[in-house]
Amino acid sequence: AHAMSRVAPEAFAQCMQKDSGTLRKERVERSKEQGNRAFRDGEFYEAVQFYSQAVGANNGAATDPVLYSNRAMAYLKLGNFQEAERDCSQALEIDPSNVKALLRRGTARAYLARFREALDDFNKVLLVEPNNARATQEMARIKEAFSTPKVN
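Using the UniProt record's numbering, the letters of the sequence shown correspond one by one to residues 1 to 152.
Given below as structure tokens:
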């Protein structure tokens, strides 16, 4: 019985850790789903709030790049391009070849008139997905804007 009393607290602590980890995952997943629903309903500000809850539920550092990429899309819809760029960069730190994050960051950078960086992002998309129509279109738009002669 004496050996049992030494093991039990450790086993209990392990169970508690697992439970808190499971609960955290469930909270993250629930907030992400609520964010997705709000986004689909066109409630972009609410979507940002839910995605932020999901990021926060994981001790402020999400390991799922989709959370950052989704929040970035909501920020793009709200016209908050700097926040969108920041979230995409976070997603890309986790997954450097995340096509959605690259596309969204390129879009944010284009709106911020940081065209070279935008082109870099779209080029990276094409390295991963050579036939990506959106990246090709965005690059063409940026290049066209620079090659159009200015008429006074």
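Don't be surprised by glycine CBs; every beta carbon is placed ideally from N, CA and C.
Because the structure is a prediction, the values reported are computed rather than measured.
Please go through the UniProt repeat "TPR" (99–132) and give each complete alpha helix (DSSP H) segment of 4 or more residues, from N-terminal end onward. Runs of the alpha helix (DSSP H) inside the UniProt repeat "TPR" (99–132): 99–111 and 115–128.
For R40, which of L112, S97, M73 and V99 has the nearest alpha-carbon? M73
In three-state terms, what does DSSP make of E95? The sequence shown places Asp at residue 95, rather than the Glu named in the question. Residue state, collapsed to three classes: coil.
Buried or exposed by the 16-neighbour rule on C-beta atoms within 10 Å, applied to N123: exposed
Could you tell me if residue 154 is buried or exposed, where buried requires 16 or more neighbouring beta carbons within 10 angstroms of its beta carbon? Since the first residue of the chain shown is 1 and the last is 152, residue 154 is not available in this structure.
Status (buried if at least 16 other CB within 10 Å, exposed otherwise) for Y45: exposed
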